[in-house]
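Here is the structure we will look at, set down as structure tokens.
So this is what it looks like as structure tokens:
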């Protein structure tokens with residue numbers, strides 16, 4: 105059986121945000137076993153799984169990715185939507201648009217220190233739409 109639900113996240117500021125609890129509230133009860141897939145329907149934000157305990161990890165992510173793909177580079181041509189837009193597309197392509205997590209005993213089988221991140225790369229990205237799919 106496959107269950108699918110669209111979720112809409114509120115607008116988050118630029119940065120890396122743990123959204124695990126928001127997602128779990130939005131999807132409701134999970135089956136005993138299966139796979140959970142989460143997809144973001146945007147090209148300037150991403151999803152990943154990483155450290156959920158120390159907030160400095162998220163600060164470091166922001167700093168590192170801004171160094172890898174800075175704004176206002178003279179070679180960028182896609183600039184009509186702002187200086188943060190093309191770097192946001194590149195960062196989103198590097199991190200990815202989806203995560204898949206096993207479901208075990210009715211829970212997401214994440215490691216002790218793992219959480220689902222929304223990686224918001226725009227200064228004013230707005231609300232974000234996600235598709236959650238549960239494979240049972």
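In the working numbering, the protein residues as written are 105 to 240. Glycine included, each C-beta is placed from N, C-alpha and C at the ideal position.
Leaving aside the five residues before and after residue i along the sequence, list all residues of the same chain whose C-beta is less than 8 angstroms from its C-beta, in chain order.
i, result
"residue 231", "112, 113, 114, 115"
From the options, pick the residue whose C-alpha is nearest to that of residue i; which is it?
i, options, result
"residue 211", "121, 137, 200, 141", "137"
"residue 228", "118, 164, 173", "118"
"residue 200", "225, 176, 174", "225"
"residue 135", "217, 164, 209", "209"
"residue 166", "120, 107, 239, 236", "120"
Please confirm whether residue i and residue j have their CB atoms less than 8 angstroms apart.
i, j, result
"residue 234", "residue 143", "yes"
"residue 207", "residue 214", "no"
"residue 131", "residue 109", "yes"
Take residue i and list the residues in its own chain whose beta-carbon comes closer than 7 angstroms to its own, dropping the five residues that flank it on each side.
i, result
"residue 203", "142, 151, 152, 153, 220"
Using C-beta distances below 6 angstroms, list every residue in its chain close to residue i, excluding the 5 sequence neighbours before and after it, in chain order.
i, result
"residue 146", "232"
"residue 195", "169, 173, 225"
"residue 180", "190"
Which partner residues does residue i have in the DSSP bridge list?
i, result
"residue 143", "202, 235"
"residue 152", "221"
"residue 63", "Residue 63 is absent from the structure shown; the chain starts at 105 and stops at 240."
"residue 112", "233"
Query raised in the report: Per the contact definition of three or more C-beta pairs closer than 8 angstroms, is the region 150-158 in contact with the region 177-189?
Result: no
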